[in-house]
Amino acid sequence: MYYVSIEIDNLLYKHFLEYLSDLEIESMLRSVLTPPQRYYIRVNTTKISPNELIKRLNLRGISAYKDEVFEDAVWFPVEGPFKIPSAKKIVVVDKKAAESIMLGADLYGPAIIKTDPVKSGEEVNIVSDNGVLVAYGKAVMNSDEALRSRRGLFVKVEKSLYKAPKLRDLPEYAEGLFYSQSLPAIAVGHIARKFAQQSAVDLNAAPGGKATHLAQYGIHVIAVDRSSPKISKLKYEVERLGLNSVDVLLHDSRYLDRDFPKLKADVALVDPPCTDLGVRPKIYQKVTYSTAMTLSKYQVQFLKTALKLADYVIYSTCTTTAIENEEVIKKSGAEIVDPEISIGAPGWECAECRRFLPHIHNTPGFFIAVLKAKKAP
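full-length UniProt numbering numbers the first residue of the sequence shown as 1 and each following residue consecutively.
Put into structure tokens, the structure is as follows:
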């Protein structure tokens, strides 16, 4: 089944039909091709108050607003879609870069797939690898230099499909005053704070959003990931934010209970690899039922390990299938606890779970469940 450039196979379509109508499935999948109307950041309250950060951003001409629910969440309006000016020269970029550039990010050398011969100062159109026009800009170096070095800024974007503030260019970013994070992900941190009096273990910690969120409230976090590059990014974020209560561990967290038998925490966070069907905005994606089923097996592994490490576990994903969400929760065998948040909607056949549907809640697609480990008799 095709929904513009989102493709799911027939088995996954039938799976969604158990919970949604055909029109709802189409609306949900189409919505991830566009960004939410709000772009969120989490204020690093160890360094600045939300009101003070908003004042600083306003002085830079950036419209910023406090969230209505979470005191450390600030959002910016996302504008667009806009008509992109035409240019004679074309640069083709990879999917990940295109999804950032369509929001206004500039183009850097590593993202180039191919390019017309371009001289510094020339106008170019930036196109994704499947042909979607995402931006117009001007080259700041010659294309042969950009291809040779694969480093540095290649195109300064002047008009993108959508527009959000270029936050990484701000001194407030370099000072570690905020962390870019979606509203549902910020909600996870606030839910976890209710159960984490002193300690937490994050089994899928990179790039560090949830771990650093808990750390900024004085909770000691053991942040685990199995990928060395991801661990490096995690360490960078911890340092940038100036937090000293995060211990970073390179390890396959599915085996933490076996390899670190003394490891215990008040709460464990599980945000495992998933099909990412809720991530916005997307250029394109193809997902099969088989892929979702394979990932769910890993998700259950992470979850069952987490339940051995902590009395409470916060499980979250950025996807919308029940296979990877409610069905994983059921397989854990744990007690489901009400997260007590006012945003989102009840899960599918799980009233205590929380779902964020992109076509309804104007957020990424997201799922949250709180589990309580059952005591051995």
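We put the beta carbon where it would ideally sit given N, CA and C, even for glycine.
These figures come from a predicted structure and were not determined experimentally.
According to DSSP, residues forming a beta bridge with residue i
i, result
"Gln-285", "Ile-6"
"Val-267", "Ala-200 and Tyr-312"
"Ala-139", "Val-155"
"Ile-112", "Val-93"
"Leu-133", "Val-127"
"Thr-317", "Phe-367"
"Lys-163", "Glu-79"
"Leu-107", "Val-155"
"Phe-178", "Val-43"
Spatial distance of residue i from residue j (CA atoms)
i, j, result
"Val-118", "Phe-154", "10 Å"
"Lys-14", "Arg-355", "19 Å"
"Ile-191", "Pro-339", "6 Å"
"Val-140", "Val-124", "11 Å"
"residue 381", "Arg-280", "Outside the modelled stretch of the chain, which goes from 1 to 377, sits residue 381, for which no answer is possible."
"Glu-175", "Leu-241", "7 Å"
"Val-43", "Pro-50", "6 Å"
"Thr-34", "Ile-6", "12 Å"
"Leu-303", "Ser-342", "25 Å"
"Thr-45", "Leu-11", "46 Å"
"Ala-137", "Leu-103", "The sequence shown places Gly at residue 137, rather than the Ala named in the question. If I take the Cα positions, the gap works out to 13 Å."
"Arg-60", "Tyr-39", "17 Å"
"Ile-336", "Lys-194", "15 Å"
"Ile-368", "Ser-128", "32 Å"
"Arg-254", "Leu-203", "8 Å"
"Ala-185", "Tyr-162", "22 Å"
"Lys-88", "Val-328", "50 Å"
"Glu-26", "Tyr-19", "13 Å"
"Pro-273", "Arg-226", "12 Å"
"Asn-130", "Lys-262", "49 Å"
"Pro-364", "Glu-349", "21 Å"
"Ser-63", "Val-270", "34 Å"
"His-361", "Gly-344", "7 Å"
"Pro-110", "Arg-150", "5 Å"
"Leu-107", "Ala-310", "43 Å"
"Ala-322", "His-251", "28 Å"
"Glu-326", "Thr-320", "10 Å"
"Lys-282", "Leu-167", "20 Å"
"Ser-228", "Ala-205", "12 Å"
"Arg-164", "Lys-156", "A small correction: the amino acid at residue 164 is Ala; Arg does not occupy that position in the sequence shown. Distance between the alpha carbons of Ala-164 and Lys-156 is about 15 Å."
"Leu-133", "Val-32", "17 Å"
"Leu-243", "Ser-86", "45 Å"
"Leu-295", "Val-224", "19 Å"
"Leu-214", "Ile-48", "16 Å"
"Glu-24", "Glu-324", "19 Å"
Nearest to residue i (by Cα), restricted to the options the options
i, options, result
"Gly-121", "Leu-147, Ile-101 and Glu-158", "Glu-158"
"His-359", "Asp-22, Arg-30 and Asn-10", "Arg-30"
"Lys-372", "Ile-314, Gly-347, Tyr-108 and Cys-350", "Ile-314"
"Phe-82", "Trp-75, Val-74 and Ala-135", "Ala-135"
"residue 443", "Ile-126, Leu-53, Tyr-65 and Ile-112", "Since the first residue shown for the chain is 1 and the last is 377, residue 443 is missing from the structure and cannot be characterised."
"Ser-316", "Ile-8, Leu-309, Asp-169 and Gly-347", "Gly-347"
"Leu-170", "Ile-222, Ile-329, Leu-57 and Gln-37", "Leu-57"
"Glu-352", "Asp-225, Gly-365 and Ala-334", "Ala-334"
"Glu-79", "Leu-53, Gln-181, Ile-62 and Gln-37", "Gln-37"
"Arg-258", "Lys-374, Leu-307 and Thr-321", "Leu-307"
"Val-248", "Leu-133, Lys-230 and Pro-261", "Lys-230"
"Tyr-312", "Ala-111, Lys-374, Val-91 and Asn-244", "Lys-374"
"Thr-305", "Phe-178, Lys-331 and Lys-166", "Lys-331"
"Gln-216", "Ser-232, Ser-228, Ala-187 and Val-246", "Val-246"
"Lys-114", "Leu-147, Glu-326 and Asp-252", "Leu-147"
"Glu-172", "Cys-318, Ile-54 and Leu-243", "Ile-54"
"Gly-278", "Val-91, Leu-183 and Tyr-179", "Leu-183"
"Ile-8", "His-213, Lys-66 and Thr-275", "Thr-275"
"Ala-105", "Asn-244, Ser-180, Thr-291 and Ser-160", "Ser-160"
"Phe-76", "Ile-112, Ile-219, Ile-41 and Thr-291", "Ile-41"
"Cys-318", "Ser-180, Leu-17 and Leu-357", "Leu-357"
"Phe-260", "Ala-292, Lys-66, Val-91 and Ile-222", "Ile-222"
"Gly-91", "Val-74, Ile-101, Ile-112 and Ser-100", "Note that residue 91 is Val in the sequence shown, not Gly. It is Ile-112 whose Cα lies nearest to the Cα of Val-91."
"Phe-178", "Glu-24, Glu-99, Ser-21 and Val-74", "Val-74"
"Leu-256", "Ser-21, Thr-291 and Gln-301", "Gln-301"
Residue-level contact to chain C via CB, residue i, 9 Å cutoff
i, result
"Leu-23", "The chain inventory of the structure shown lacks chain C, comprising one protein chain alone."
Completely contained alpha helix (DSSP H) runs for the segment 322-374, where each covers 4 or more residues: 326-332 and 358-361
Are there three or more Cβ pairs, one per stretch, closer than 8 Å when the segment 90-97 is compared with the segment 60-72? no
For the segment 275-290 and the segment 236-248, state whether three or more C-beta atom pairs, one from each stretch, are separated by less than 8 Å. no
Runs of alpha helix (DSSP H) lying entirely within the segment 32-82, each at least 4 residues, in chain order: 50-59
Below 8 Å, how does it come out for the segment 265-280 and the segment 196-208: are there three or more Cβ pairs, yes or no? yes
Examine the Cβ distances between the segment 204-221 and the segment 134-148 and report whether three or more of them are shorter than 8 Å. no
Kindly provide the ranges of any alpha helix (DSSP H) runs that are 4 or more residues long and lie completely inside the segment 214-260, ordered along the chain. 228-241 and 256-259
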